[in-house]
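In short: position in the sequence shown from 1, add 74, done, that's our numbering.
Think of the CB as a built atom: it goes at the ideal place given N, C-alpha and C, for glycine as much as any other residue.
No experiment lies behind these values; they were computed from the predicted model shown.
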Amino acid sequence: MNIFMVSSEAYPFSKTGGLGDIAGSLPLELSSINTMNTGKTLNINVSLIIPLYKQNYKLINKKDILTTLEIEHGKNIIKVDIVRIKHPNNDDINVYFIKEDNSFKRNGIYSENGIDYNDNASRFILFSKAAVKLIIYLYEKENFKLDIVHIHDWQTALIALYIKEVFNGEEALKKLKVIFTIHNLAYQGNFSVDIYGLLNVSWKFFVHSRLEFYGNVSFIKSGIILSDIVTTVSPSYAKEIQGEEFGCGLNNLLSDLSSKLYGILNGGHDKDWDPKTDKYIKNNYDINTFSKKKIIRNSLYKEFGFVNKSCPLVTMISRFDPQKGLDLIYQSFFEISTYNANFIFLFSKNNYFKDFEEDFIDRAVRAKNIKVLFTFDESLAHRLTAGSDMYLMPSRFEPCGLNQIYSMKYGSIPIVHSVGGLKDTVINYNGIKTANKATGFVFNEYCIKSFVHTMDLAFDLYYNKKDIWDKLVANAMSKDYSLHKCALEYTKLYKKLLSNK
């Protein structure tokens, strides 16, 4: 079973969020399960295709250039180098970089200083074409027969169009199956029809049943329609996007195609997120040495200059985006300031909401128990997760979310809104009868009253019913939301696809 995983980002090479985490770790997990479970060899041969970004040039040498492809791009012919290396964490996995300096050798992946690159459509059209041309090249030059191409989000969605309808006469593509994973439907890759010439496809595809979406070109729509299977990152989100509230204008289409739509819960990568082995924390711990968590918390209190050092720590790690429930946080700062607890918010900057960011900081700094940081710091994210007692994730919508999974594994009790993957992963504490299973606190109505009430319940339990709180911590840390389970579900889908050949 030969599989190409194609993504605009993949950790450890590139990452802006959950897409990078999953696209980077899923190939490793798929490769590792070849001989697990039944003992039968699954023979999964997985490779990764990603753009070569500026930070990755140090990984390659001239000898790693496999070939140079000429890609028709609008009225131009662009030469693209294909670089092939072994994955640094698994020699069985080939990594193919699409190298084109004008498109990808930049300081950012999609944006710089919080502003999207104005040629993102062009960049990822080129990337998609190059990925398909690479598949054809490997078939013709190395007799490599690919079975499945697994594409992710709008940046790679056009690959389905090129495989199924543009280059479908190519022998390498005739039996090729396409699986398309939507990580966040809100990001659709919708562009003005002015970019259509860059696609190098007939205008017959600019119709409602293919690329056209309210007069624009929709990358994600073509991926949904033309892929053999569409997945998204949690069972609840797969249902939600078929409705008007979370369907982002595509709910009717997704509902019509529901027979090929699957929700597979993302998983956390154990190697990178495990309190027993986490390289970013000095005092590693597990459920039996849980008292070490307090040492990490105290270190954070000293680092950030909190006055009260004998109270719980509540954290939130997120991009600065209204999707993440920032309005609930902002409007509840007064209540937050009254809790006997310290709060640290770690956000990645977003210049689209710069004015809101300034208001957010202005309101937060009035409280002695609140710290807000705007930076991307992987080390600090791990330390905050390890040192916190509670974790806030009041998202307006959340396809899956990984931070609530990480927080539970680290014994930090999540407080979440009942949507998408949050609903699928956090079991609500609702009185003593639920204590044996509960792993966190879940509020149903997206409003300040419901959010604050749920925080009140959490603090009441923390301070007044320590035995039950400890039970929730034990429940949370014992939950298995590993990427291994996610990979097994994808393996089933891959088999299903190939059985229909």
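Ranked by Cα distance from Arg180, the options Ser332, Glu432, Asn130, Val223 are led by Asn130. Look at Ser292 here: in three-state DSSP terms it is strand. The Cβ atoms of Gly337 and Thr306 lie closer than 8 Å to each other. Beta-carbon to beta-carbon, Ala97 and His226 are separated by about 5 Å, close enough to satisfy the 8 Å threshold. In the structure shown, the three-state DSSP call for Gly317 is coil.
Collapsing the DSSP output to three states places Phe515 in a strand.
In this structure, Phe421 lies away from Val223, with their beta-carbon atoms at least 8 Å apart. Comparing C-alpha distances from Val526 to each of Lys160, Asp348, Ile489, Ile199 shows the shortest one belongs to Ile489. If you draw a straight line from the Cα of Asn274 to the Cα of Ile210, it is about 18 Å long. Distance from Leu339 to Cys474 at the Cβ level is roughly 6 Å; contact confirmed, criterion being Cβ atoms closer than 8 Å.
Restricting attention to alpha helix (DSSP H) runs no shorter than 4 residues, the segment 453-505 encloses them at 477-483, 494-499, ordered along the chain. For Val388, the enclosing beta strand (DSSP E) begins and ends at 387-393. Scanning the segment 220-256 from its first residue to its last, the whole beta strand (DSSP E) runs of 3-plus residues come out as 222-226, 251-256. Counted as a single uninterrupted DSSP element, the stretch harbouring Phe450 is not any alpha helix (DSSP H), since DSSP gives it neither H nor E.
One Cα belongs to Ile124, the other to Asn443, and the distance between them is close to 42 Å.
DSSP, read as helix, strand or coil, puts His343 in coil. DSSP links Asn150 through a beta bridge to His147.
Just measuring C-alpha positions, the residue of Asp451, Gln262, Ile487 sitting nearest Lys545 is Ile487. A direct Cα-Cα distance of roughly 38 Å separates Tyr484 from Lys251. At a Cβ-Cβ threshold of 8 Å, Ile370 and Ala460 count as neighbours.
In summary, Gly243 is exposed, with fewer than 16 beta-carbon neighbours lying within 10 Å of its beta-carbon over all protein chains present.
Looking only at Ser481, Glu519, Tyr520, Thr528, the smallest Cα-Cα distance to Tyr503 is reached by Thr528. In the displayed model, Arg158 falls within a strand according to three-state DSSP. Within the same chain, Val80, Ser202, Ala205, Val206, Val223, Ile225, Val252, Gly297 come within 8 Å of Ile233 by CB-CB distance, once the 5 residues on both sides are set aside.
Secondary structure remark: continuous beta strand (DSSP E) runs of at least 3 residues inside the segment 161-228, in chain order: 164-173, 222-226. Boundaries of the alpha helix (DSSP H) around Tyr568: 557-573. Distances from the CA of Asp534 to each of Gly505, Asn510, Met551 were compared; the closest alpha carbon is that of Gly505. Beta-bridge annotation (DSSP): Val304 is paired with Phe254, Leu335. Contact check for Gly263 against Ile294 passes: the beta carbons are separated by less than 8 Å.
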